[in-house]
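Following: one structure in structure tokens, then a few remarks.
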Amino acid sequence: MTEEMEEVMVITITSPDGEEKDFQEVDAVEIDGKIFSLLLEICENEDEAEAIIARVDEENGEPVYVEPTEEEFEAASKAFEELAADDEEE
Numbered sequence: 026m027t028e029e030m031e032e033v034m035v036i037t038i039t040s041p042d043g044e045e046k047d048f049q050e051v052d053a054v055e056i057d058g059k060i061f062s063l064l065l066e067i068c069e070n071e072d073e074a075e076a077i078i079a080r081v082d083e084e085n086g087e088p089v090y091v092e093p094t095e096e097e098f099e100a101a102s103k104a105f106e107e108l109a110a111d112d113e114e115e
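The working numbering numbers the first residue of the sequence shown as 26 and each following residue consecutively.
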């Protein structure tokens, strides 16, 4: 029996202090025509992995992950919490 491996898209985010970290997209939601991604840091110890929310803009046909405004962050956080609650109910 062969297993198909899911291809993971690695997203590199540079922090304000210049540190680069690799993330993978866990989930995405659309709010008011904008896409927001829940990104989980790729690291050896999953317990220490950081999760962030990024707004996905498009530049030259390519996705660009940017920090959402405070209002966007609150709305996206609520949407992801509702998705998680729905998943737990299933």
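Just so it is clear, CB atoms sit at the ideal spot from N, CA and C, and this is done for glycine as well. Small disclaimer: the values here were computed from a predicted structure and weren't measured.
Check: Between the CA atoms of GLU50 and ILE38 - distance to the nearest angstrom; Outcome: 12 Å
Check: Per-residue DSSP class, three states only, for GLU95; Outcome: helix
Check: Between the CA atoms of ASN85 and GLU71 - distance to the nearest angstrom; Outcome: 34 Å
Check: ALA74, DSSP secondary structure in three states; Outcome: coil
Check: Of the residues GLU83, GLU106, PHE48, the one placed nearest GLU75, counting alpha carbons only; Outcome: PHE48
Check: Three-state secondary structure (DSSP) of SER40; Outcome: coil
Check: Residues of its chain near ILE67, where Cβ-Cβ distance is below 7 Å and the 5 sequence neighbours each way are ignored; Outcome: VAL35, ASP47, PHE48, GLN49
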